[in-house]
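Notes follow the structure.
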Amino acid sequence: MVDISLIIGGPQGGGIESAGQIAVKSMVLLGYEVLGSREYHSNIMGAHSYYHLRVQEHRPRSLKLPVDGVLALDAESVFTHFRDVRPGGILVYDPGTRSTRVDAIQPMAAPLKKRLKSLFESKGMQPIVESAVKLAEEAGARIVGLPLKEMLKTLSERTGAPVARVSRALNTLGLASMLYMLGVPVEYVEKAIALQFAGKEKVVAMNIEAVRIAVDYVREAFGEPVERLPPGPRRGQTMIVATGNDVVAMGKIVGGLGVITYYPITPSSDEALYIEKHSYISIDGPLAEKLGYDKIAVAIVQMEDELASINAVLGAAAAGARASTTTSGPGFSLMNEAISLAVEAEIPVVVTLWMRAGPSTGMPTRTGQQDLLHSIFSGHGDAPKIVVASGDHVEAFYDAIKAFNWAEEFQTPVIHLLDKYLASSMVSLAREDLDPSKVSITRGKLLENPPGDYRRYEVEEDGISPRARLGSATMVITGLEHDEYGYATEDPVMREIMMFKRERKFKVIEERIPDEEKAVLHGDADASIALVSFGSTKQPVLEALEMLRAEGVRARFAQIRLLYPFPGRLVEEMVEGAEKVIIVEQNILGQLAMLLRAHTSIKPDSSIVKINGRPLYSFEVASAVKRILETGEERVVVSHGS
Amino acid sequence: MARSWLEYKTQAWVQWCPGCGDFGILNSIYRAVSELGIDPENLAVVGGIGCSGRTTYYVKGSNFHALHGRAIPVATGVKLANPSLNVIVAGGDGDLMGIGGGHFVALGRRNLNITVLLFDNAVYGLTKGQAAPTLPAWIKTKALSMPNIHDNINPVLLAFAAGYTFIARGYAYHTQQLKELIKTAVRHRGAALVDILQPCPTYNNVMTNKWYEERIYYVDQEDGYDPVIRTPEEFQKKAPTIAAKLMEFGDRIPLGILYWNQTRESFEERLEKIMPGYMSAPPATRRIELDGKPFLHPFDVFKDRLIVP
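Chains as they are written, first to last, in the numbering used here: chain X, 1 to 642; chain B, 1001 to 1309.
Next up, the structure:
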């Protein structure tokens, strides 16, 4: 079974992302499935950034540490990742940086410098790259030195371009060397390069020359790779590689998005940018004939702020378009007043909330699950809304479509909750993974021809009024308490009627959303250990289940998909009979545990928590579960990642 | 075709104070939209919070009563989704110049085809008379315990700087002229502002009807001022005169059309330029499913993400 993990580290702006993507594409072309994720500092350029990649025959569930290969394109990367190589794995670095001292690396975080210096000191070593390399070697890593400066000189000579220009292919020199050592056939790397830089012939040529120089050098210095990686099960198959940002964008467009607004904020902006790229789509003849138009034009507008973003989509949704905005924690805070309006005025709008590590600006480019309660309790004054969390890329695609369905069926805001890890992690997906025929498009009680005496807020038994688009009938959409027509009123009786109407709607939501979309039970249903989690921890937890099973520990896993209205009864059934209930979540308050206490009779025994802003790894979950079983600890904080 | 103004009157009780300038504005809106013959369904009045926001209940339309300061973004969304609607924003001075100031500026930048009616009485009426951004400095209205310490914003000059292509000023008690200004503003293709001066008989005891009547004059009747820009070159030539007129606010306050740029393309025209067909199948009304299913497949649409062997 193939299971390869890599880390490509270097300065931000040094082509780390492209190197990662070339690696991803090489592996997909070779027929494997991938999971790749980028970790980077919140800075413009220069600070350490790395791409973490895992390759398997099936879609990897989690990133893995330690890895089979670390490519360190600069001294800082050696210092950051020399302990991430497994015994027998390779550390690729530039011996030219051998004597670089920890203190000489300006962008490196001071606390890390301090930790490294005391580590080297405790071993009687100098705080230099060579010491780190030596420690990696002692731990069993194979060291591959690449004289990057000389290789660049060769590249410059062969292409006739100045060293300053060819230095942009430094990442390719390193990557090709590492992939060669790992047995990846070089033709796949070249194909991936052609894909990555499609349309830029000179760049392709320069990078392919870099591949050749790298391979020649490595072959001469270290010989042929021990084994050549055989083709994987998907070779010859067309795949999509997409980030979480991408698949949500795809889901929205496929799901009929008409208007999307945003104000730039990490990590949501990439979703908007991707939608912009596909905001104008031509449709072919027969389909166009059936639809009555041949161009899909999505209005995507970068607004002046988040307040404008959400209010504009409220207007667009009231006018009948499927409308959405995308944001992250700080931006969502600004949207709260309008969320409340959307509840009172019963406007179907989808807010995609990409959680990142707070509070406040916190760590803007790192992941976390800290906005769970924020999303559920957003909006003032008794303002229930639907909150749905996706566990992975495939779910995120379908949820993006379903969120619109629910918003329109129940005429209420839907918050689609995701996080930075999903946003920027990239996976390979087959055609059947993103199959729109698996979902419907339902618009609820949308009237094409409203009656003359139209009442926007007509009181119906299920709490859901027939909805007409602005422009198709006279009405008032309003955030003030109102009568059936929308006229503002403070009549005590009408107030109760309307409050009960909106409350009934939420009972109907609980009835109509199918159980499998509220929560999913994975693993051994009768196991005595029950894990409970939500969001992007799904796949790491699932892999942890497999790891535990291999060691004879059986566990079940209740993945909560719908966070509001909270499926309390269902979750109770899922953990029923378990002797130990363990919550897994990436926040410090135990927000999911709070919800369980509020909505169920479950008393969580322990929690596994990760708050350092890095993705959750499956091995962390597995070992934390074992630790809890041994010690009964109430909270295990896991902390891997650089 | 002109219609009776009564068709636009709703059953809601109009709850403004006696003598409020809002009555004159409401009346002018009724007359303007009826003379323009706009179907009530095709008229979207978007209000903010404050006395002015109540207009959404009094004018029969397909209306949206939005949050404080957010009428313009809501109107923007309505217009993007369905460009065929006539969208009028009814907001106060606090609403549009204070809490919603950023949106006011952004609308000019976009030049979306929306008419903004600024109910300008220099105070926050609904919350009992606090100083609004259009109240001149050192005026102490009766609700204030100290004179206003802030200088006032000039809405028409701000609109000019922001890119509005139609800027006019009316007076709430001169309903005949105001009606005409609103009509022209609604017909204009692009962002239009009508700054409507109005006494607040309850809270602004300084800027009264008498105060205004002593100062206001109509530019078209008095000095042959030409606010219209028909070519880009004309803008360069006339801009200084126009700016000077827009700055005039004190002993003399000009009313009428102050600036009318007929050369700049609207946001809708730009959308149609980059996305031909936008107007004919706008997001609000186009069909998004076939037999209840999505009709696009990601592998056929998002080709830039495909890894083709």
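Note that beta-carbon positions come from the ideal geometry of N, C-alpha and C, so glycine has one too.
- Going by beta carbons, ALA318(X) and LEU470(X) fall inside the 7 Å limit.
- As computed with DSSP, VAL621(X) is found in no beta bridge at all.
- In this structure, the beta-carbon distance from LEU1197(B) to TYR1171(B) falls below 7 Å.
- Three or more beta-carbon pairs drawn from the region 1098 to 1114 of chain B and the region 1150 to 1167 of chain B are found closer than 8 Å, and the two stretches are therefore classed as touching.
- Taking CB atoms only, GLY315(X) has a neighbour in chain B less than 7 Å away.
- Under the three-state reduction of DSSP output, ASP1120(B) falls in the strand class.
- Among the residues facing chain B, VAL241(X) is included, as its CB has a counterpart in that chain under 7 Å away.
- Note that the region 1271 to 1289 of chain B does not touch the region 1235 to 1245 of chain B; fewer than 3 beta-carbon pairs, one per stretch, sit closer than 8 Å.
- The three-state reading of DSSP puts ALA1284(B) in coil, since its state is none of H, G, I, E or B.
- Contact of ARG614(X) with chain B is not assigned, every C-beta pair being separated by 7 Å or more.
- Contact annotation: in the region 1048 to 1079 of chain B, residues whose CB is within less than 7 Å of a CB in chain X are THR1056, TYR1057, LYS1060, GLY1061, SER1062, ASN1063, PHE1064, HIS1065, ALA1066, LEU1067, ARG1070, PRO1073, VAL1074, ALA1075, THR1076, GLY1077, VAL1078.
- Distance between PHE404(X) and THR352(X), taken at the CA atoms: about 11 Å.
- Taking ALA519(X) as the centre and dropping the five residues before and after it, the same chain places the C-beta of ALA558, GLN559, ILE560, ARG561, LEU562, PRO567, LEU570, VAL571, MET574 closer than 8 Å to its C-beta, in chain order.
- A distance below 6 Å between beta-carbons, with the five flanking residues on each side excluded, links SER309(X) to the following residues of its chain, in chain order: THR261, TYR262, TYR263, MET303, THR325.
- Listed along the chain, the chain B residues whose CB falls inside 8 Å of the CB of GLN237(X) are PRO1309.
- For LEU1112(B), there is no enclosing beta strand (DSSP E), as DSSP marks it with neither H nor E.
- Following the DSSP letters along the chain, one finds GLU150(X) in no beta strand (DSSP E) but inside the alpha helix (DSSP H) bounded by residues 148 to 159.
- It is roughly 57 Å from the alpha-carbon of ILE441(X) to the alpha-carbon of THR97(X).
- For HIS278(X), the neighbours in chain B by C-beta distance under 7 Å run, in chain order, VAL1301, PHE1302.
- ASN1204(B) sits close to ALA1122(B), with the two beta carbons spaced by under 7 Å.
- For LEU1193(B), the enclosing beta strand (DSSP E) starts and ends at 1192 to 1197.
- Put simply, the CB of GLY1092(B) is far from chain X, with every gap to its CB atoms at 7 Å or more.
- In this structure GLY1047(B) is not in contact with ALA1032(B), their Cβ atoms being roughly 16 Å apart against a cut-off of 8 Å.
- For ILE529(X), the uninterrupted beta strand (DSSP E) run begins and ends at 529 to 534, by DSSP.
- At a cut-off of 3 residues, the continuous stretches assigned as beta strand (DSSP E) that sit fully inside the region 1176 to 1253 of chain B are 1192 to 1197, 1216 to 1218.
- At least 7 Å separates the beta-carbon of ASP1223(B) from that of LEU1118(B).
- Taking 7 Å as the cut-off, the beta carbon of VAL350(X) is found closer than this to the beta carbon of ALA407(X).
- Residue pairing of LYS1009(B) in beta bridges, as defined by DSSP: VAL1059(B).
- In the structure shown, HIS522(X) falls within a strand segment according to DSSP collapsed to helix, strand and coil.
- When ARG549(X), GLN591(X), VAL92(X) are compared, the shortest CA-CA separation from VAL621(X) is found for ARG549(X).
- Look at GLU1035(B): its C-beta is not under 7 Å from any C-beta on chain X.
- Residues of chain X whose Cβ lies closer than 9 Å to the Cβ of ASN1042(B) are, in chain order, GLY471.
- In the DSSP assignment, ARG86(X) falls within the unbroken beta strand (DSSP E) covering 85 to 93.
- Taking a 10 Å sphere around the C-beta of VAL414(X), we find 16 or more other C-beta atoms and assign the residue as buried.
- Contact between the region 57 to 69 of chain X and the region 117 to 129 of chain X is absent: fewer than three C-beta pairs spanning the two stretches fall below 8 Å.
- When the alpha-carbon of GLU551(X) is set against those of LEU595(X), LYS626(X), GLU516(X), the nearest one is in LYS626(X).
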